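Trainee: This note's numbering numbers the first residue of the sequence shown as 1106 and each following residue consecutively.
All residues carry an ideal CB built from backbone N, CA and C; glycine is no exception.
Fair warning: this is a prediction, and the values are worked out from it, not measured in the lab.
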Amino acid sequence: MLRREFQATDESVMVALGAGLAAASEPGLVIYLRGELGMGKTTFSRGFIQSLGHRGPVKSPTYTLVEPYTFEALEVFHFDLYRLGDPAELEFMGIRDYFGGDSICLIEWPERGIGVLPPADLEISIEPAGTGRLLQVRAGSVVGDRVAQRWQPGN
């Protein structure tokens, strides 16, 4: 499966990378966002969601676990599992209902949902790189491979 790397020198580049991925995405996509606190996972998600037409703030759903965004023919679910105590809690919230052919799921801290979450089509790991960030992208499915090939930074 395809692997790519992108450099984000500042917040605006991280937002542009999120927007570029949104432009390349298709319904049914599951995206894992990995990285320590402060690496830019939510900033990336903001670029993704706002580029689709959302005109409000995009905040990390740390306490609610999921924030839905509805667009004309697509739903985007932004998950932040940082405060998740046990992956079984995801079953109680009906996690499986969020994953379908007409939605895209962005999942921060996916390692907290091991055993319950579906596999990722794309895994994006964000690490420090000098004063910016390095995004390492790995496709985990045919769909993820196709989207990663189309993804152009800054779209």
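(1) Return the CA-CA distance between A1128 and R1151, expressed in angstroms with no decimal places.
(2) Taking just the CA atoms, how far does G1220 sit from P1162?
(3) Which residue marks the beginning of the alpha helix (DSSP H) containing T1148, and which one marks its end?
(4) Around the C-beta of P1166, are 16 or more other C-beta atoms found within 10 angstroms, so that it is buried, or is it exposed?
(5) On the DSSP bridge list, what partners appear for G1227?
(6) Taking the alpha helix (DSSP H) that V1221 belongs to, which residues open and close that run?
(7) Do G1206 and P1258 have their C-beta atoms closer together than 8 Å?
(8) Tell me, which residues are paired with V1181 by DSSP?
(9) What first and last residue would you give for the beta strand (DSSP E) that runs through E1110?
(10) Looking at the unbroken alpha helix (DSSP H) that takes in L1126, where does it start and where does it end?
(11) So, with DSSP's three-state summary, where would you put R1238?
(12) Figure out for me which residue from A1178, W1256, L1122 has the closest Cα to the Cα of K1146.
(13) Whose C-alpha, out of M1119, P1233, L1126, is nearest the C-alpha of R1251?
(14) Is DSSP giving P1166 helix, strand or coil here?
Mentor: Based on what the coordinates show:
(1) Walking along the sequence shown from the start, residue 1128 turns up at place 23. Walking along the sequence shown from the start, residue 1151 turns up at place 46. Using only the alpha carbons, I get a separation of about 14 Å.
(2) On the sequence shown, position 57 is the one that residue 1162 refers to. On the sequence shown, position 115 is the one that residue 1220 refers to. As the crow flies, the alpha-carbon of P1162 is around 31 Å from that of G1220.
(3) If you number the sequence shown from 1, residue 1148 lands on position 43. Its alpha helix (DSSP H) spans residues 1146-1156.
(4) If you number the sequence shown from 1, residue 1166 lands on position 61. Note on P1166: 16 or more other CB atoms within 10 angstroms of its CB, so buried under the neighbour-count rule.
(5) Counting from 1 along the sequence shown, the entry for residue 1227 is found at position 122. For the record, residue 1227 in the displayed sequence is Leu; it is not Gly. DSSP output for L1227 lists I1136, A1244 as bridge partner(s).
(6) If you number the sequence shown from 1, residue 1221 lands on position 116. Unbroken run through V1221: none, as it is neither H nor E.
(7) Counted from its first residue, the sequence shown places residue 1206 at position 101. Counted from its first residue, the sequence shown places residue 1258 at position 153. Going by C-beta atoms, G1206 is not nearer than 8 Å to P1258.
(8) If you number the sequence shown from 1, residue 1181 lands on position 76. Per the DSSP secondary-structure output, V1181 pairs in a beta bridge with Y1174, I1209.
(9) For the purposes of this step, residue 1110 is taken as the residue at position 5 of the sequence shown. First-last of the beta strand (DSSP E) with E1110: 1108-1113.
(10) Along the sequence shown, read from residue 1 onward, the residue named residue 1126 stands at position 21. L1126 -> alpha helix (DSSP H) spans 1116-1129.
(11) As a working mapping, residue 1238 is identified with position 133 in the sequence shown. Of the three classes helix, strand and coil, the one that applies to R1238 here is strand, per DSSP.
(12) As a position in the sequence shown, residue 1146 is number 41, starting the count at 1. Of A1178, W1256, L1122, the residue nearest in Cα terms is L1122.
(13) As a working mapping, residue 1251 is identified with position 146 in the sequence shown. Out of M1119, P1233, L1126, L1126 has the C-alpha closest to the C-alpha of R1251.
(14) As a first step, residue 1166 is located in the sequence shown; it is residue number 61 there, counting from the start. P1166: coil per DSSP, three-state reduction.
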